[in-house]
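Protein chains in written order, with our numbering: chain A, 61 to 178; chain B, 61 to 178. Single-structure report; data block below.
2 protein chains.
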Amino acid sequence: MQEPTYLILTALAARPLHGYGIVQSVTDLSDGEVKLRPGTLYGALDRLDQQGLIAVDREEPVDGRLRRYYRLSETGAAALAEQVERLSRRAAAGAEQLRLRPAAGAELRLRPAAGGAA
Amino acid sequence: MQEPTYLILTALAARPLHGYGIVQSVTDLSDGEVKLRPGTLYGALDRLDQQGLIAVDREEPVDGRLRRYYRLSETGAAALAEQVERLSRRAAAGAEQLRLRPAAGAELRLRPAAGGAA
DNA sequence: GGTCATACTACGGTTGCCGATATATAACGG
DNA sequence: CCGTTATATATCGGCAACCGTAGTATGACC
Numbered sequence: 061m062q063e064p065t066y067l068i069l070t071a072l073a074a075r076p077l078h079g080y081g082i083v084q085s086v087t088d089l090s091d092g093e094v095k096l097r098p099g100t101l102y103g104a105l106d107r108l109d110q111q112g113l114i115a116v117d118r119e120e121p122v123d124g125r126l127r128r129y130y131r132l133s134e135t136g137a138a139a140l141a142e143q144v145e146r147l148s149r150r151a152a153a154g155a156e157q158l159r160l161r162p163a164a165g166a167e168l169r170l171r172p173a174a175g176g177a178a
Numbered sequence: 061m062q063e064p065t066y067l068i069l070t071a072l073a074a075r076p077l078h079g080y081g082i083v084q085s086v087t088d089l090s091d092g093e094v095k096l097r098p099g100t101l102y103g104a105l106d107r108l109d110q111q112g113l114i115a116v117d118r119e120e121p122v123d124g125r126l127r128r129y130y131r132l133s134e135t136g137a138a139a140l141a142e143q144v145e146r147l148s149r150r151a152a153a154g155a156e157q158l159r160l161r162p163a164a165g166a167e168l169r170l171r172p173a174a175g176g177a178a
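If you want it as structure tokens, here you go:
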């Protein structure tokens, strides 16, 4: 699951939202780093609906136009929780490996027998 | 940046590795959840090299065959650190939204005026 | 009357990942 | 002696997901 999809699920966790509301919520949740395009949003919405991770909550007619609200399903909530765990583990692994990283130029100090520093 | 790419950078953070070593390290770091295919690995390696996030560390001839070691560049380390931060924030946002999630069936208890429970 | 905010749909393109296949050596078991 | 597994790298075709853009439509504000 990629970032836009993950953020859509995240946005829907607290309450049902319609398309445009999701766009705003995702922008908000990502501190402005992720701005959903219509193509991404509705493609993902169809996909997630088919997978059963989200479902249509209700449809409100507004100005003769249908506003469609989506909500997170139980399955979707479980999937999101799993992703949260996964991201946490990946972040921890990355941080740990970075901690193990030798400092730049360290190899010079590790070869004193080869001539070393002047 | 997607998961396989992120894990390749993570694997290279601690020390330079050759292709097969990266595959093993990624499997290890992801608790067996991610198994890199050759297509993914070498495609990503070329891409990351072009982007300057990794570089060829050295080439060792083994059994008449070249074993190529890659290492994380300074730019790559910075990019990885940024991704670690990003994943942490995304995980935190997901967890927080899940906390705000109304329990299943909660809406019934929130409409006492409509007839409510018997 | 023009622009902006709201709100959804459709289409084409690119990227990154995956699966499969090929090649080659060495070790181990039947 | 042959098959399988592990080590090790490379290439190709295909696909899913995402992105950018354009189109459609209404109401509010200037």
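Think of the CB as a built atom: it goes at the ideal place given N, C-alpha and C, for glycine as much as any other residue.
Is it true that the CB of residue j sits closer than 8 Å to the CB of residue i?
{"i": "residue 113 of chain B", "j": "residue 73 of chain B", "result": "no"}
{"i": "residue 135 of chain A", "j": "residue 157 of chain B", "result": "no"}
{"i": "residue 96 of chain B", "j": "residue 150 of chain A", "result": "no"}
{"i": "residue 83 of chain A", "j": "residue 101 of chain A", "result": "yes"}
Using a Cβ-Cβ distance under 8 Å, would residue i count as near chain B?
{"i": "residue 134 of chain A", "result": "yes"}
{"i": "residue 157 of chain A", "result": "yes"}
{"i": "residue 139 of chain A", "result": "no"}
{"i": "residue 147 of chain A", "result": "yes"}
{"i": "residue 150 of chain A", "result": "yes"}
{"i": "residue 153 of chain A", "result": "yes"}
{"i": "residue 96 of chain A", "result": "no"}
{"i": "residue 144 of chain A", "result": "yes"}
{"i": "residue 62 of chain A", "result": "yes"}
{"i": "residue 113 of chain A", "result": "no"}
{"i": "residue 129 of chain A", "result": "no"}
{"i": "residue 160 of chain A", "result": "yes"}
Nearest to residue i by CA position, among the options, is which residue?
{"i": "residue 164 of chain B", "options": "A:137, A:163 and A:85", "result": "A:137"}
{"i": "residue 78 of chain A", "options": "A:70, A:84 and A:130", "result": "A:130"}
{"i": "residue 99 of chain B", "options": "B:88, B:90, B:80 and B:91", "result": "B:80"}
{"i": "residue 117 of chain B", "options": "B:154, B:76 and B:155", "result": "B:76"}
{"i": "residue 87 of chain B", "options": "A:83, A:153, A:69 and A:84", "result": "A:153"}
{"i": "residue 61 of chain B", "options": "A:162, A:115 and A:94", "result": "A:94"}
Hey, does residue i have any beta-carbon neighbour from chain A nearer than 8 Å?
{"i": "residue 163 of chain B", "result": "no"}
{"i": "residue 126 of chain B", "result": "no"}
{"i": "residue 80 of chain B", "result": "no"}
Indicate whether the contact test is met: 3 or more Cβ pairs, each with one atom in the region 138-157 of chain B and one in the region 118-128 of chain B, closer than 8 Å. no
Against chain B, which members of the region 65-78 of chain A pass a CB distance test of less than 9 Å? 66, 67, 69, 70, 71, 72, 73, 74 and 75
Can we say the region 62-72 of chain A touches the region 100-113 of chain A, given the rule of at least three CB pairs closer than 8 Å? yes
Give, in chain order, every residue of the region 86-111 of chain A whose Cβ lies closer than 9 Å to some Cβ of chain B. 89, 90, 91 and 93
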